[in-house]
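What follows is a single structure, written as structure tokens, with notes after it.
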Amino acid sequence: MPQLTMGTARSRVSSLLEPSDPMAGVFSGRWVESVGAETIISLSPIDGLPLGRVSAASPSDYEEVMAQARESAQVWAGVPAPVRGQAVLQIAEELRRHKSELGLLVSLEVGKTIVEGLGEVQEMIDIGHFAAGLSRQLYGLTMPSERPEHRIQEQWHPLGAIGVITAFNFPSAVWSWNAFIAAVVGDVVIWKPSSEAPLTAVAVTRIASRVMEDLGHPQVFFLAAGGGQVVGDRMLDDRRLPLVSFTGSIPTGRWVAERVAGRSGRSLLELGGNNGAVVSEKADLELAVRGVAFGALATAGQRCTSTRRLIAQEGIYGAFVDRLTTVYRSVKVGNPLDPDVLVGPLINQQAVEGYLAAVTQAQEQGGRLRCGGKVAAAAGAPGGFYVEPTIIEAQPDMPIVQEETFAPILYTMPYHTLEHAVAIHNAVPQGLSSAIFTTDLREAEHFLSAQGSDCGLVNVNTGTAGAEIGGAFGGEKETGGGRESGSDAWKAYARRQTASINFGSALPLAQGVSFEV
Ligand code: UN1
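All you need for our numbering is the position in the sequence shown, starting with 1, plus 2.
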């Protein structure tokens, strides 16, 4: 496959974005051309140049979106769930029809490799299919009543309008995890995308809204692009949003949780990870090298699930780190439109500075740099935000090792026994994803047990990154405790109602209480 030029790539995605400049970044059932509001300029991290402009929501636009969303929510809640599921399925199929352009837009806007950009769109299609099936399985339990001629049942009703705030690194997939599941439950969704990736959000919302219109449904997928102050803070404080789903950093997530709890709202948090991979002496080491390298280097280390810590058993530690270092040195860094490139750019200059600061701090704290550590010159992509894949031999208690740096930095550390590995593994504040590489059943099962990994996601002989949509996704400790995507994560988007029904002619009371009037 020959490399696309930026010019060709831009023209291939233009059908998703035209015609206006700036494009409206607010969808309230109509595309709102904001007057006097800020304009968000989306820069491509590939070359640091503007890719497009989107007008942000003003306070009155926000109100318009909210009013329309609430109106829609009334109607949508009355549409049978399987019909809602069919609508989501149609959107997934429409996304599939536009998969190549949308995937490319993701690559251009956030710097993912072509295959990862396509993977992002596939993740939306997959969750769309999951949601459609789920729409016939929103099961509530029934309980035997202690009273004669009574029945008790649980039902799951929609919450109404919910807010979804997403990060740049999965600029559309994480929205779809929330939005498609919420939509089949009967909610409508107001999306505040990352200001680093508004174009993808506009393109996806255009597709979703056209499908809803063609099907004659009310609009369900609203958009309010904009900064934290105008849109984000309003969502947090807005009692009309019973749920705010937030993906982002731990400090911001903590603030989100406090603000939303302060008005008795619910938040669903997917915050940072500091994911460790344990590699045992009994591992298939070639498989482990690939699993660790993919986990640490995919998306240039900018996934919540990226592998940040390698915990390798002492007998193989030296050789394994040597092997990984060789791989790191051979990996092609650069323009992600080049099909041979595995590591694209970081999202912006600030991220490059964060990377450099972490490399410096790690060395000041006693870490030993094995490879990388510098800004990378990416041939053919001047102006982009490229850094070298980096391995640093570290000690588990170094302060920088406790932190998530959104960059391709891997800290390595040796262990003696599996208990020691688990202790190192669990000694960070975050708890998203984890992995063990071993062919020993006892080791694998110990890591999976209650005495093993303390994370929301645990992997055996596969890396920390790259979860499928069918499982519940999220993590413990400072990762925030939320669960999104598959399994029964849908319950977070619903209100549970316990219904007690008396179909007799007497009024027996629970707990044997009598009340004669
Ligand atoms: C994220 O980084 O916020 O498991 C989500 C993965 C992807 C999703 C990551 N499916 O790596």
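The beta carbon of each residue, even a glycine, is placed where N, CA and C say it ideally should be. Remember, predicted model here, so these are calculated numbers, not experimental data.
- Between the segment 101-109 and the segment 217-227 there are fewer than three C-beta pairs closer than 8 angstroms, too few to call the two in contact.
- Of all alpha-carbon atoms in Ser57, Glu148 and Met8, the one lying nearest the alpha-carbon of Pro510 is that of Glu148.
- Around the beta carbon of Thr481, 16 or more other beta carbons lie within 10 angstroms, which makes this residue buried.
- Membership of Phe439 in the beta strand (DSSP E) is indicated by the continuous run Ser435 to Phe439.
- Taking each of Gly274, Arg305, Thr301 and Glu316 in turn and checking the Cα distance to Val280, the smallest one comes out for Glu316.
- Not a single heavy atom of the ligand UN1 lies less than 8 angstroms from the C-beta of Thr328.
- Distance from the C-beta of Glu125 to the nearest heavy atom of the ligand UN1 is below 8 angstroms.
- The C-beta distance from Val213 to Ala89 rounds to 7 angstroms, short enough to fall under 8 angstroms.
- Contact check for Ala185 and Arg268: beta-carbon distance about 18 angstroms, past the 8 angstroms limit, so the pair fails to qualify.
- Distances between the C-beta of Glu272 and the heavy atoms of the ligand UN1 include at least one below 8 angstroms.
- Of all C-beta pairs linking the segment 270-288 to the segment 409-429, three or more are shorter than 8 angstroms, placing the two stretches in contact.
- Bridge pairing for Met400: absent [DSSP].
- When DSSP reads this structure, Glu478 sits in a beta bridge with Gly433.
- Between Phe248 and Leu271, the CB-CB gap stays under 9 angstroms.
- Ser178: member of the alpha helix (DSSP H) spanning Ala175 to Val187, first to last residue.
- Collapsing the DSSP output to three states places Ser109 in a helix.
- For Thr414, the enclosing beta strand (DSSP E) stretches over residues Ile411 to Tyr417.
- Here DSSP, grouped into helix, strand and coil, assigns Gln221 to coil.
- Burial is judged here by how many other beta carbons sit within 10 angstroms of a residue's own beta carbon; Val77 has fewer than 16 and is exposed.
- When the Cα atoms are used, Pro150 and Phe505 turn out to be separated by approximately 9 angstroms.
- A residue is called buried once 16 or more other Cβ atoms fall within 10 Å of its Cβ, and Pro244 is buried on that count.
- Relative to the ligand UN1, even the nearest heavy atom lies 8 angstroms or more away from the CB of Phe182.
- Taken atom to atom, the span from the alpha-carbon of Leu238 to that of Glu35 is near 24 angstroms.
- Residue state for Thr328 is assigned as helix, using DSSP reduced to three classes.
- Under DSSP, Phe248 takes part in a beta bridge, and its partners are Ile167 and Leu271.
- Shown here for Asn350: same chain residues with a beta carbon closer than 8 angstroms to its own, the five before and five after excluded, namely Leu45, Pro47, Glu198 and Phe387 in chain order.
- Straight across, the Cα-Cα distance linking Met400 with Ile393 is about 15 angstroms.
- Contact between Ala203 and Trp193 holds, with the beta-carbon distance rounding to 6 angstroms and staying under 8 angstroms.
- In the displayed model, Lys493 falls within a helix according to three-state DSSP.
- For Val56, the enclosing beta strand (DSSP E) starts and ends at Pro52 to Ser57.
- Leaving aside the five residues that flank Cys373 on each side, the residues in its chain whose CB is nearer than 6 angstroms to its CB run, in chain order, Thr327, Tyr330, Arg331 and Ile393.
- By the neighbour-count criterion, in which 16 or more other beta carbons inside 10 Å mark a residue as buried, Pro416 falls on the buried side.
- In this structure, Cys306 has its CB closer than 8 angstroms to one or more heavy atoms of the ligand UN1.
- Going by DSSP, His159 is part of the beta strand (DSSP E) stretching over His152 to Pro160.
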